[in-house]
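Take a look at the structure set out below.
There are 2 protein chains.
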Amino acid sequence: MEKISETYDTCPSEALNVSAISQSVAHQLRRAHGQFIQRFLHYFSVVNLRPTEYSVLAMIAENPGRKQSEIAAVLGIQRANFVSLMNDLEERCLTERRNVPNDRRSHALYLTPSGESLLNEARRAEADFEADCLERLGGMRARDQFLALLARLFG
Amino acid sequence: MEKISETYDTCPSEALNVSAISQSVAHQLRRAHGQFIQRFLHYFSVVNLRPTEYSVLAMIAENPGRKQSEIAAVLGIQRANFVSLMNDLEERCLTERRNVPNDRRSHALYLTPSGESLLNEARRAEADFEADCLERLGGMRARDQFLALLARLFG
DNA sequence: TATTGTTATACTCTATAACTATA
DNA sequence: TATAGTTATAGAGTATAACAATA
């Protein structure tokens, strides 16, 4: 309960004026991203995966044997930053790097059995997360519309 | 131009399968945020402001004299992280912290004249950025719809 | 020469805990 | 006791430059 006083010397604790930025796509996207991360981590806490890590596992599962740089590129992650990400997933025994027969520069990426197993758990978390989004948005039509608008903006 | 070869030993460089995550709100939001930051920095390079810094300046301009913690809270930034942000803006002579008469714990935030002046430039950058968004989204109706859906998701 | 993976580095943003001085 | 600002620390994410091995 907030304390109400009759007189103010300097700083009345009224609601702040947010009109200038509340209509701003930039500001709302900044705020939304913070919320998104928190909510994602909540749903994915059981598998202990960050958004990026989940995308990597899902992408490797759909495209086993692809090169690091291919997976990185399609996810919009730079090669240099992808290395420590893969090191981490490999240390957790979720993925492995195999040699490519005719190109000794490349590493082909695969999920390990426990990587597959964790991904299955993660997919259930993802389904819950998506169901949450669906409910907040108000149905599949709104969800598709949102994704379509997001794609127009940043696709 | 991509090189096309007739035979593959191991790794045909075909398009990757992205079907599993392309329908995912989580994945699309992750990608969108990266694009958003880059595009924002492009438009705001003339004033050298990050999304967070712009929001802070705009919020102080609309609510001069408010306490650090009030501005931080309304922007969803933690007090602890807000300190270095304000230190930075103050070093750039864009904002100032003044004492509050009846509460020696608090700092009241104000824009300096050069802060006001930079904010005016930033508002032009923001207008350009928003115009870009508007065009990509396909008009004000789509823009309002997008903001409404974003608010449903994370408001 | 170009590509693949890698290392190193730096900066932004976020999260948490704890301190200080005030209230 | 609670609040405002602060300090310190840690981790994710991103950006850039450069290097070795290989193509």
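Read top to bottom, the protein sequences are chains E and W. All letters in the first sequence, in the order written, are residues 1 to 155 by this note's numbering. All letters in the second sequence, in the order written, are residues 1001 to 1155 by this note's numbering. Even for Gly, the Cβ is constructed at its ideal location relative to N, Cα and C.
Per-residue contacts from E/E126 into chain W (C-beta, under 7 angstroms)
S1024, A1026
Which of helix, strand or coil DSSP assigns to W/E1096:
strand
Keeping to the same chain, check which residues put their C-beta closer than 7 angstroms to that of W/I1021; ignore five residues upstream and five downstream.
H1027
Rounding to the nearest angstrom, what Cα-Cα distance links W/Y1008 and E/N87 in this structure?
Reliability fails at W/Y1008, whose pLDDT of 35 lies under 50, so the model's placement of it is uncertain and the value that follows must be treated cautiously. Their Cα atoms are separated by approximately 28 angstroms.
Residue burial classification, W/C1133 (beta-carbon count within 10 angstroms, cutoff 16)
buried
From this set, W/G1034, W/Q1038, W/L1029, W/F1044, which residue's C-alpha is nearest W/A1127's C-alpha?
W/F1044
Please list the partners that E/V74 has in chain W, where partner means a Cβ-to-Cβ separation under 8 angstroms.
L1016, V1018
Which listed residue (E/F129, E/N99, E/G139) has its alpha carbon closest to that of E/H42
E/F129
Assuming contact is defined by CB atoms lying nearer than 8 angstroms, are E/F154 and W/A1032 in contact in what I supplied?
yes
Can the beta-carbon of E/L29 be found less than 8 angstroms from the beta-carbon of E/S55?
no
Give the residues from the region 1119 to 1150 of chain W that approach chain E closer than 8 angstroms (Cβ to any Cβ), ordered along the chain.
E1126, F1129, E1130, C1133, R1136, L1137, G1138, A1142, R1143, Q1145, F1146, L1147, L1149, L1150
Do the CB positions of W/G1115 and W/L1137 come within less than 8 angstroms of each other?
no
Could you name the residues of chain E that W/T1052 contacts, counting a contact when the two beta carbons are closer than 8 angstroms?
R30
Enumerate in chain order the residues of its own chain whose CB-to-CB distance from E/S84 is below 8 angstroms, with the five nearest sequence positions on each side excluded.
none
Complete runs of the beta strand (DSSP E) confined to the region 1071 to 1140 of chain W [at least 3 residues]
1095 to 1100, 1103 to 1111
Just to make sure I have the definition right: I need the residues of chain E whose C-beta is within less than 7 angstroms of the C-beta of W/Q1078. Which are they?
None at all; the shortest Cβ gap to chain E is about 11 angstroms.
Please confirm if the region 1101 to 1115 of chain W is in contact with the region 57 to 65 of chain E, defined as three or more CB-CB distances below 8 angstroms between the two stretches.
no
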